[in-house]
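Chains as they are written, first to last, in the numbering used here: chain A, 1 to 260; chain B, 261 to 706.
Reading through the structure tokens given below for one structure.
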């Protein structure tokens, strides 16, 4: 194993250096990737905030669909109060998951219901198991996925609803699916969202687009949980600095008035 | 305003007591109170003070961040996410720091181009200029190492590519790389030492900034006319005239900076750095932070062997030379006139160089095989690499050929007799007719 790792690492390194220096083409799939359409998200603009109802529904989609393969290691259940769940709701939500704890006084590990202070449970115990279960592919952690891809939320939304039959002449590799928003066009993740796949308790119709929209909202919140607060503070900071700038401009003119 | 000439008589007995034993108050009064500034220094003269403030912002936020950051390959990425999520106002500290690096460079680059335009590097300010270049180099090293710390994909592959460049050194290259890494790959030892140095270097910068300012206070500031102040009528005391002017400029700068911090904090970053470092997965396109792009383009421009110098080594030499050449600038520029305002030909070449550097920046952002494109316009007939090679050639041509020759062949415009004559409107102070060019309004007053 260490030997293979070393060889792979050396190869990757040589490839990177050569690519960077323009001596060779870095190996990357040659499919044309399509720019995802621009959407109107609730959090856009200096005063935009998260649509908490959508984020809560999005959490449900994550829990019932995505979480069977994707971890969100950076999130704890307690963080969910950030999208409007009450502490009691978070406790109840967390209790639905089992986590490994211990060792106890006998030195044994044991399972217990999760507490709000626990991290989101991971669907796989390690990377190898994740790859084994997914035809060799590793489902990425989704904690900051909305910031880790170009075009962010627009991309995630387009990807989730962007599954199609492959165009003529595209040979899909075994276990792959065609999605023109994915780099190279072939993605290991199948289309997971189906009409009515989850049941929303707030009466929203769970169409595919609605679910994709909601889970993308949840992903954006998960990647940037303090955005609402940041913008709120930003408006005050900019307001203060703008007034301060005007004052300083006036003082400057006053001070310099005797020099002309 | 009473501009008391030294020695200042302090009214407060405590201040008097301290000052007679350690004359810090006298020093401040001399260097920042009555210190004579050319009265025509425009708003481009703000950027030194702005850069100083940015340095302080970086140090303060950096110290707070380091209290929560863990320099270990298994924990670095997660600890940054802890800062973003769970540390009180950690997201603020991090975004201020992250964007602060960009804005520190913006301030410093404007400061440098100001110096290039108005000839601030010429005698007697050569050492002052060279200390500035040392600061630039230290800043680059610090920023580079700081970018490694979040241990994202770009962090990892950036450090991998750049440290590997040292393997191009003949004979000892590989040993040097192993020594830099502290092992046989970019690993925990590398991250640890980069964190250590990232914490150390800013304080070295503070030291060199002190020398930079000390040297400045010997020669005094240059000004848009490039001619020396001839007496008190040409200068104004630093306080209150330039303290207030700097404050106003600083607040405007902070407005733009805060716009990014609060409303587009990831605009200047790369999405790949939110993917934890994966030593076995090379990103499709490795790019450094924007402030390194022109240098990166010059590094990649050398795709051919030159005599016995291999392409890789050639690129490294060219990249380092592009900064080190600035040390020689005071002697490469043979013109005795400082300000481009009175150098009709140099003025144009200054802007050509400026655009050239912008194009180099764009080339640095493109993949080597891409057709060149800028402002969304694609120039399909020419590759990014070719444009990079032309611009790299021009960059050195400017410094090594144009500047030495221009000084010999260019006829400068007549210089104003004094600063105050060039500033004050005609007839305000009597005096003879103004020489051509001197009547131009200083830019900052527009």
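Ideal Cβ placement from N, Cα and C applies to all residues, glycine included.
Do you know how far the Cα of residue 636 (chain B) is from the Cα of residue 224 (chain A)?
-> Here the C-alpha atom of residue 224 (chain A) lies approximately 29 Å from the C-alpha atom of residue 636 (chain B).
Boundaries (first-last residue) of the alpha helix (DSSP H) holding residue 279 (chain B) = Residue 279 (chain B) -> alpha helix (DSSP H) spans 273-281.
Cβ distance (whole Å) where residue 188 (chain A) is taken to contact residue 176 (chain A) below 8 Å = Indeed, because the Cβ distance is near 6 Å, the residues count as touching under 8 Å.
Kindly identify the DSSP beta-bridge partner or partners of residue 179 (chain A).
-> For residue 179 (chain A), the pairing in a beta bridge is given by DSSP as A:163.
Using a cut-off of 8 Å between C-beta atoms, extract the partners of residue 501 (chain B) located in chain A.
-> Correct list: 255, 256, 259.
From this set, B:322, B:296, B:367, B:338, which residue's C-alpha is nearest residue 551 (chain B)'s C-alpha?
-> Comparing Cα-Cα distances from residue 551 (chain B) to each of B:322, B:296, B:367, B:338, the minimum goes to B:367.
Could you tell me the distance, in whole angstroms, from the CA atom of residue 428 (chain B) to the CA atom of residue 572 (chain B)?
-> For residue 428 (chain B) and residue 572 (chain B), the gap between their C-alpha atoms comes out near 6 Å.
Taking a cut of 7 Å between CB atoms, which residues from the region 209-235 of chain A lie near chain B?
-> Listed in sequence order: 225, 226, 230, 231, 233, 234.
Do we get a CB-CB distance below 8 Å when we pair residue 144 (chain A) with the residues of chain B?
-> Interface residue, yes.
Under a CB-based cut-off of 8 Å, is residue 245 (chain A) close to chain B?
-> Yes, residue 245 (chain A) lies at the interface with chain B (some Cβ there is under 8 Å from its Cβ).
Could you check the C-alpha separation between residue 706 (chain B) and residue 363 (chain B) for me, to the nearest Å?
-> With a pLDDT of 35 at residue 706 (chain B), under the threshold of 50, the predicted position of this residue should be treated as unreliable, though the coordinate-derived value follows. Rounded to the nearest whole angstrom, the C-alpha separation of residue 706 (chain B) and residue 363 (chain B) is 25 Å.
How long is the line joining the alpha carbons of residue 92 (chain A) and residue 528 (chain B), rounded to whole angstroms?
-> Straight across, the Cα-Cα distance linking residue 92 (chain A) with residue 528 (chain B) is about 40 Å.
Enumerate in chain order the residues of its own chain whose CB-to-CB distance from residue 690 (chain B) is below 6 Å, with the five nearest sequence positions on each side excluded.
-> Residue confidence for residue 690 (chain B) is low, a pLDDT of 45 falling below 50, so the modelled location carries little weight and cannot support an answer.
Residue-level contact to chain B via CB, residue 249 (chain A), 8 Å cutoff = Yes, residue 249 (chain A) counts as interfacial toward chain B.
Report the rounded CA-to-CA distance for residue 30 (chain A) versus residue 543 (chain B), giving the unit in angstroms.
-> Confidence at residue 30 (chain A) is low in this model, with a pLDDT of 40, below 50, so its placement is unreliable and the value that follows should be read with caution. Cα atoms of residue 30 (chain A) and residue 543 (chain B): separation of roughly 14 Å, rounded to the nearest angstrom.
Residue 186 (chain A), DSSP secondary structure in three states = Looking at residue 186 (chain A) - three-state DSSP - the assignment turns out to be strand.
From the DSSP output, in three-state form, read off residue 253 (chain A) for me.
-> Three-state result, residue 253 (chain A): helix.
If we count Cβ pairs, one from each stretch, closer than 8 Å, do we get three or more for the region 268-278 of chain B versus the region 482-502 of chain B?
-> Taking 8 Å as the limit for Cβ pairs, the verdict is that the region 482-502 of chain B does not touch the region 268-278 of chain B.
Measuring CA to CA, which of B:398, B:319, B:639, B:651 is closest to residue 621 (chain B)?
-> When only C-alpha atoms are compared, the closest one is B:651.
Taking residue 645 (chain B) as part of the alpha helix (DSSP H), name the residues at either end of that continuous run.
-> For residue 645 (chain B), the enclosing alpha helix (DSSP H) covers residues 644-657.
Rounded to a whole number of angstroms, what is the C-alpha to C-alpha distance between residue 318 (chain B) and residue 308 (chain B)?
-> Roughly 15 Å between the two C-alpha positions.
For residue 660 (chain B), the nearest candidate out of B:594, B:599, B:296, B:531 (CA to CA) | Answer by Cα proximity: B:594.
Using a Cβ-Cβ cut-off of less than 9 Å, list which residues of the region 623-640 of chain B approach chain A; keep chain order.
-> Listed by position, the residues of the region 623-640 of chain B near chain A (Cβ gap below 9 Å) are 627, 628, 629.
Which residues DSSP lists as bridging residue 447 (chain B), in chain order = Looking at the DSSP assignment, residue 447 (chain B) forms no beta bridge with any residue, so it has no partner.
Cβ atoms of residue 558 (chain B) and residue 655 (chain B): under 8 Å apart, would you say?
-> Cβ atoms of residue 655 (chain B) and residue 558 (chain B): closer than 8 Å.
Do the CB positions of residue 138 (chain A) and residue 114 (chain A) come within less than 8 Å of each other?
-> Contact: no.
Which residue's Cα is closest to the Cα of residue 405 (chain B): B:393, B:432, B:451?
-> It is B:451.
From the DSSP output, in three-state form, read off residue 299 (chain B) for me.
-> Note: residue 299 (chain B) maps to coil in three-state DSSP.
Is residue 150 (chain A) close to chain B, meaning its C-beta is less than 8 Å from at least one C-beta of that chain?
-> It does: the Cβ of residue 150 (chain A) has a partner Cβ on chain B nearer than 8 Å.
Segment contact, 8 Å Cβ cut-off, at least three pairs: the region 464-480 of chain B with the region 379-390 of chain B | Touching, yes, given that three or more Cβ pairs across the two stretches are closer than 8 Å.
Could you give the distance in angstroms between the alpha-carbon of residue 413 (chain B) and the alpha-carbon of residue 292 (chain B)?
-> Straight-line measurement puts the Cα of residue 292 (chain B) at about 45 Å from the Cα of residue 413 (chain B).
Keeping to the same chain, check which residues put their C-beta closer than 6 Å to that of residue 151 (chain A); ignore five residues upstream and five downstream.
-> The answer, listed in chain order, is 36.
In this structure, does DSSP put residue 201 (chain A) in helix, strand or coil?
-> In the structure shown, residue 201 (chain A) sits in coil (DSSP, three-state: anything other than H, G, I, E or B).
Can you name the residues of chain B whose CB is closer than 9 Å to the CB of residue 114 (chain A)?
-> Result: empty, since nearest Cβ-Cβ is about 18 Å, beyond 9 Å.
Inter-residue Cα distance where the pair is residue 473 (chain B) and residue 525 (chain B) = Spanning the two alpha carbons is a distance of roughly 32 Å.
Would you check if the distance between the CB atom of residue 520 (chain B) and the CB atom of residue 46 (chain A) is smaller than 8 Å?
-> Result no, Cβ atoms of residue 520 (chain B) and residue 46 (chain A) do not sit closer than 8 Å.
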